[in-house]
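Residue numbers (our numbering): 32 to 253.
The following block contains the structure:
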(Lines of atoms letter the chains of each structure in order from A; the text may use other names.)
(Lines give C-alpha, C1' and ligand atoms only; values in the text may rest on other atoms or scores of the structure.)
Protein backbone atom coordinates (compact mmCIF):
# COMPACT_ATOMS: atom_id res chain seq x y z
CA UNK A 32 0.00 0.00 0.00
CA UNK A 33 2.80 2.46 0.86
CA UNK A 34 4.64 1.83 -2.42
CA UNK A 35 1.42 2.17 -4.42
CA UNK A 36 0.63 5.46 -2.68
CA UNK A 37 4.15 6.80 -3.35
CA UNK A 38 3.99 5.87 -7.02
CA UNK A 39 0.53 7.43 -7.35
CA UNK A 40 1.60 10.72 -5.76
CA UNK A 41 4.75 10.85 -7.87
CA UNK A 42 2.75 10.24 -11.05
CA UNK A 43 0.27 12.96 -10.14
CA UNK A 44 3.07 15.45 -9.52
CA UNK A 45 4.66 14.68 -12.91
CA UNK A 46 1.32 14.97 -14.73
CA UNK A 47 0.35 18.19 -12.96
CA UNK A 48 3.74 19.80 -13.63
CA UNK A 49 3.62 18.96 -17.35
CA UNK A 50 -0.02 20.00 -17.69
CA UNK A 51 0.53 23.26 -15.86
CA UNK A 52 3.61 24.24 -17.89
CA UNK A 53 1.73 23.65 -21.14
CA UNK A 54 -1.67 25.03 -20.14
CA UNK A 55 -0.73 28.25 -18.37
CA UNK A 56 0.39 29.68 -21.71
CA UNK A 57 -3.29 29.85 -22.62
CA UNK A 58 -4.42 31.76 -19.54
CA UNK A 59 -6.40 34.80 -20.60
CA UNK A 60 -5.50 38.34 -19.43
CA UNK A 61 -7.90 39.97 -16.96
CA UNK A 62 -8.85 42.78 -19.29
CA UNK A 63 -10.11 40.30 -21.90
CA UNK A 64 -11.88 37.65 -19.83
CA UNK A 65 -12.55 38.95 -16.30
CA UNK A 66 -13.64 36.33 -13.79
CA UNK A 67 -17.36 36.63 -13.14
CA UNK A 68 -19.26 36.44 -9.88
CA UNK A 69 -21.14 33.17 -9.62
CA UNK A 70 -21.06 29.53 -8.57
CA UNK A 71 -18.30 27.06 -9.43
CA UNK A 72 -18.60 23.27 -9.00
CA UNK A 73 -15.53 21.38 -7.76
CA UNK A 74 -14.45 17.73 -8.11
CA UNK A 75 -11.45 16.61 -6.05
CA UNK A 76 -10.59 13.51 -8.07
CA UNK A 77 -7.32 12.83 -6.22
CA UNK A 78 -9.37 11.64 -3.22
CA UNK A 79 -10.11 8.46 -5.17
CA UNK A 80 -6.37 7.67 -5.02
CA UNK A 81 -5.90 8.46 -1.32
CA UNK A 82 -3.96 5.53 0.14
CA UNK A 83 -5.13 6.19 3.70
CA UNK A 84 -8.82 7.10 3.30
CA UNK A 85 -10.21 6.77 -0.23
CA UNK A 86 -13.04 9.21 -0.85
CA UNK A 87 -15.21 10.87 -3.45
CA UNK A 88 -15.29 14.63 -2.98
CA UNK A 89 -17.55 17.30 -4.47
CA UNK A 90 -17.89 20.95 -3.59
CA UNK A 91 -18.85 24.45 -4.58
CA UNK A 92 -17.37 27.94 -4.59
CA UNK A 93 -19.38 31.19 -4.48
CA UNK A 94 -17.49 34.14 -5.95
CA UNK A 95 -19.43 36.87 -4.16
CA UNK A 96 -17.06 39.78 -4.92
CA UNK A 97 -14.41 40.69 -7.48
CA UNK A 98 -11.59 39.43 -5.29
CA UNK A 99 -13.33 37.16 -2.79
CA UNK A 100 -15.06 33.78 -2.72
CA UNK A 101 -16.10 31.19 -0.16
CA UNK A 102 -17.25 27.61 -0.33
CA UNK A 103 -16.79 24.07 0.90
CA UNK A 104 -16.00 20.53 -0.19
CA UNK A 105 -17.82 17.47 1.17
CA UNK A 106 -16.38 13.98 0.79
CA UNK A 107 -17.59 10.46 1.56
CA UNK A 108 -14.94 7.96 2.65
CA UNK A 109 -15.76 4.50 1.29
CA UNK A 110 -12.51 2.54 1.74
CA UNK A 111 -9.26 2.82 3.64
CA UNK A 112 -5.75 1.47 3.98
CA UNK A 113 -5.16 3.32 7.25
CA UNK A 114 -5.68 0.17 9.33
CA UNK A 115 -4.75 -3.06 7.58
CA UNK A 116 -6.84 -5.13 10.00
CA UNK A 117 -10.00 -3.12 9.29
CA UNK A 118 -12.79 -5.12 7.62
CA UNK A 119 -14.60 -2.01 6.39
CA UNK A 120 -14.59 1.73 6.88
CA UNK A 121 -16.73 4.76 6.20
CA UNK A 122 -16.64 8.43 7.06
CA UNK A 123 -16.88 12.02 5.86
CA UNK A 124 -14.70 15.05 5.24
CA UNK A 125 -15.74 18.72 5.43
CA UNK A 126 -13.47 21.46 4.03
CA UNK A 127 -14.89 25.01 4.28
CA UNK A 128 -12.69 27.81 2.95
CA UNK A 129 -12.46 31.49 2.09
CA UNK A 130 -10.38 32.58 -0.90
CA UNK A 131 -8.77 35.82 -2.09
CA UNK A 132 -7.90 36.57 -5.75
CA UNK A 133 -5.27 39.39 -5.83
CA UNK A 134 -5.98 40.19 -9.49
CA UNK A 135 -9.49 40.09 -10.89
CA UNK A 136 -9.38 38.02 -14.07
CA UNK A 137 -6.33 36.02 -13.04
CA UNK A 138 -6.57 32.53 -11.60
CA UNK A 139 -3.97 32.90 -8.84
CA UNK A 140 -5.40 32.79 -5.30
CA UNK A 141 -4.67 32.60 -1.60
CA UNK A 142 -6.92 30.50 0.62
CA UNK A 143 -7.57 29.93 4.32
CA UNK A 144 -9.38 26.69 5.12
CA UNK A 145 -10.53 24.27 7.77
CA UNK A 146 -10.47 20.49 7.43
CA UNK A 147 -12.54 18.04 9.48
CA UNK A 148 -12.51 14.28 8.99
CA UNK A 149 -14.45 11.55 10.76
CA UNK A 150 -13.82 7.87 10.00
CA UNK A 151 -15.13 4.67 11.56
CA UNK A 152 -13.12 1.47 11.03
CA UNK A 153 -14.67 -1.93 11.75
CA UNK A 154 -12.10 -4.23 13.37
CA UNK A 155 -12.07 -7.68 14.94
CA UNK A 156 -9.16 -7.97 17.38
CA UNK A 157 -8.16 -8.09 21.04
CA UNK A 158 -9.29 -5.08 23.10
CA UNK A 159 -8.37 -4.17 26.66
CA UNK A 160 -11.19 -4.00 29.22
CA UNK A 161 -11.62 -2.15 32.52
CA UNK A 162 -8.39 -0.18 32.16
CA UNK A 163 -7.20 1.48 35.39
CA UNK A 164 -4.09 3.70 35.33
CA UNK A 165 -3.16 2.22 31.96
CA UNK A 166 -3.44 -1.39 33.12
CA UNK A 167 -6.31 -3.55 31.74
CA UNK A 168 -8.14 -6.03 33.96
CA UNK A 169 -8.49 -8.43 31.05
CA UNK A 170 -8.58 -8.67 27.25
CA UNK A 171 -11.47 -9.66 25.03
CA UNK A 172 -11.51 -10.75 21.38
CA UNK A 173 -14.40 -8.88 19.77
CA UNK A 174 -15.61 -6.79 16.86
CA UNK A 175 -15.64 -3.05 17.48
CA UNK A 176 -15.35 0.32 15.74
CA UNK A 177 -12.18 2.37 15.84
CA UNK A 178 -13.15 6.06 15.59
CA UNK A 179 -10.89 8.78 14.19
CA UNK A 180 -11.49 12.55 14.31
CA UNK A 181 -9.14 14.93 12.50
CA UNK A 182 -9.08 18.74 12.83
CA UNK A 183 -6.90 20.96 10.65
CA UNK A 184 -6.38 24.61 9.76
CA UNK A 185 -4.32 25.52 6.70
CA UNK A 186 -3.21 28.26 4.35
CA UNK A 187 -2.82 27.58 0.63
CA UNK A 188 -1.87 29.28 -2.62
CA UNK A 189 -2.73 28.11 -6.11
CA UNK A 190 -3.66 28.80 -9.69
CA UNK A 191 -5.54 27.14 -12.55
CA UNK A 192 -5.29 26.31 -16.24
CA UNK A 193 -8.12 26.30 -18.77
CA UNK A 194 -9.37 23.03 -20.22
CA UNK A 195 -12.10 24.44 -22.50
CA UNK A 196 -12.50 27.21 -25.06
CA UNK A 197 -15.14 29.05 -23.04
CA UNK A 198 -12.84 29.14 -19.96
CA UNK A 199 -15.51 27.53 -17.77
CA UNK A 200 -13.75 24.17 -17.31
CA UNK A 201 -10.39 24.32 -15.53
CA UNK A 202 -7.91 22.32 -13.50
CA UNK A 203 -6.64 23.88 -10.27
CA UNK A 204 -3.26 23.32 -8.63
CA UNK A 205 -2.57 24.23 -5.01
CA UNK A 206 -0.12 23.81 -2.16
CA UNK A 207 0.23 25.10 1.36
CA UNK A 208 0.96 24.52 5.02
CA UNK A 209 -1.27 23.49 7.90
CA UNK A 210 -1.51 22.20 11.45
CA UNK A 211 -3.41 18.95 12.14
CA UNK A 212 -4.71 17.49 15.38
CA UNK A 213 -6.12 13.97 15.58
CA UNK A 214 -7.92 11.86 18.20
CA UNK A 215 -8.72 8.17 17.81
CA UNK A 216 -10.08 5.42 20.04
CA UNK A 217 -12.16 2.26 20.23
CA UNK A 218 -15.87 2.53 20.97
CA UNK A 219 -15.69 -0.62 23.11
CA UNK A 220 -12.72 -0.95 25.42
CA UNK A 221 -9.17 0.24 24.81
CA UNK A 222 -7.38 -0.58 21.57
CA UNK A 223 -3.74 0.33 21.12
CA UNK A 224 -2.04 0.02 17.76
CA UNK A 225 1.62 1.07 17.82
CA UNK A 226 3.08 -1.63 15.59
CA UNK A 227 4.08 -1.25 11.97
CA UNK A 228 5.22 1.67 9.86
CA UNK A 229 4.91 5.04 11.64
CA UNK A 230 3.41 3.50 14.74
CA UNK A 231 3.08 6.90 16.46
CA UNK A 232 0.51 7.80 13.80
CA UNK A 233 -1.97 5.68 15.76
CA UNK A 234 -1.50 7.32 19.15
CA UNK A 235 -4.78 8.27 20.88
CA UNK A 236 -3.80 11.92 20.37
CA UNK A 237 -1.54 13.06 17.57
CA UNK A 238 -0.59 16.46 16.16
CA UNK A 239 1.67 17.40 13.26
CA UNK A 240 2.42 19.92 10.53
CA UNK A 241 0.98 19.01 7.13
CA UNK A 242 1.68 20.14 3.56
CA UNK A 243 -1.58 19.93 1.60
CA UNK A 244 -0.88 19.75 -2.14
CA UNK A 245 -3.11 18.59 -4.97
CA UNK A 246 -5.31 19.43 -7.89
CA UNK A 247 -9.01 19.42 -8.71
CA UNK A 248 -11.37 19.95 -11.61
CA UNK A 249 -13.67 22.99 -11.52
CA UNK A 250 -16.53 24.17 -13.72
CA UNK A 251 -18.32 27.54 -13.69
CA UNK A 252 -22.06 26.91 -13.46
CA UNK A 253 -22.99 30.57 -13.96
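All C-beta atoms in this analysis are idealised placements derived from N, C-alpha and C, irrespective of residue type, glycine included.
field: Nearest residue (CA-CA) to residue 87, options 69, 122 and 180
entry: 122
message: Classify residue 90: buried if its beta carbon has 16 or more other beta carbons within 10 angstroms, exposed otherwise.
response: Only buried fits residue 90, as 16 or more other CB atoms lie within 10 angstroms of its CB.
- request: Compare the C-alpha of residue 196 against each of 171, 155, 251 and 80 and name the closest.
  value: The option with the nearest alpha carbon to residue 196 is 251.
field: Terminal residues of the beta strand (DSSP E) in which residue 127 lies
entry: Looking at the DSSP string, the run of the beta strand (DSSP E) that includes residue 127 is 117-131.
- prompt: What does a CB cutoff of less than 6 Å around residue 50 pick up in its chain, not counting 5 residues either side in sequence?
  reply: Reliability fails at residue 50, whose pLDDT of 44 lies under 50, so the model's placement of it is uncertain and no value is given.
Element boundaries [beta strand (DSSP E), containing residue 186]: 169-193
query: Excluding the five sequence neighbours on either side, which residues of its own chain have a C-beta within less than 6 Å of the C-beta of residue 188, listed in chain order?
result: Contacts found: 141.
- prompt: Quick one: what does DSSP say residue 144 is sitting in, helix, strand or coil?
  reply: strand
message: Using CA atoms only, rank isn't needed, just tell me which of 126, 70, 116 and 136 is closest to residue 193.
response: 136
- request: My understanding is that residue 108 touches residue 150, with C-beta atoms under 8 Å, so please give their C-beta distance in whole angstroms.
  value: 6 Å
field: Contact set for residue 253: own chain, Cβ-Cβ below 7 Å, skip 5 residues either direction
entry: 69 and 70
In chain order, each beta strand (DSSP E) run of at least 3 residues that lies wholly inside the stretch 220-251: 236-241 and 244-251
query: At what residues does the beta strand (DSSP E) containing residue 106 begin and finish?
result: 99-111
task: Kindly indicate which residue of 239, 200, 191 and 85 has the alpha-carbon position closest to the one of residue 212.
output: 239
message: Let me make sure I understand the geometry here. Which of 118, 183, 102 and 205 has the alpha-carbon closest to that of residue 155?
response: 118
field: With 16 other Cβ atoms within 10 Å as the buried cut-off, status of residue 249
entry: buried
query: Quick one: what does DSSP say residue 165 is sitting in, helix, strand or coil?
result: coil
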